[in-house]
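Visitor: Numbering (UniProt numbering), first residue to last: 1 to 152. Even for Gly, the Cβ is constructed at its ideal location relative to N, Cα and C. Computed from a predicted structure; not experimentally measured.
1. Which residues in the same chain as residue 96 place their Cβ atom closer than 7 Å to its Cβ, once the five residues preceding and following it in sequence are excluded?
2. Starting from the C-beta of residue 29, find all residues in its chain whose C-beta is less than 8 Å away, skip the five residues before and the five after it, and write them out in chain order.
3. Give the list of continuous alpha helix (DSSP H) stretches no shorter than 4 residues that lie fully inside the segment 51-139.
4. In three-state DSSP terms, what is residue 10?
Shown next as structure tokens:
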């Protein structure tokens with residue numbers, strides 16, 4: 001069987017703490033003597049070189065200030081935004097691919113056919129202008145009469 005023995009602390013062995021009627025320890029008055037001004041000690045005896053730190057090191061040291069729940073929420077928000085941005089860019093790239101290939105497959109043949117049609121229309125205009133010029137040179141003469149006349 002296990003026996004429990006009480007081991008007293010050396011500090012308590014020399015000075016017994018005061019106990020109230022509910023067995024609660026009372027704070028002693030000598031605790032005020034242990035208090036020191038930490039700001040003056042840090043500013044005078046500081047071994048930390050702030051000039052050698054990078055901005056990343058300073059920011060990574062601040063992560064303990066932010067509670068874990070806030071860090072998780074920030075992390076989930078950032079991951080959601082990056083996921084949305086990535087999916088938007090992927091969708092935009094695929095849509096641009098579909099539009100450009102459709103333009104090449106449908107637009108280029110259409111543009112070639114349109115250009116050919118415009119060329120035919122232009123040729124008809126030129127032939128009409130030539131007929132008009134011939135009528136001005138020889139009014140009243142038809143095409144059959146021109147062919148029947150001998151050329152000199």
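Guide: To lay it out plainly:
1. none
2. Because the pLDDT at residue 29 is just 48, under 50, the model does not fix this residue reliably, and the value given afterwards should be weighed accordingly. Correct list: empty, nothing qualifies.
3. 55-61, 68-102 and 108-137
4. helix
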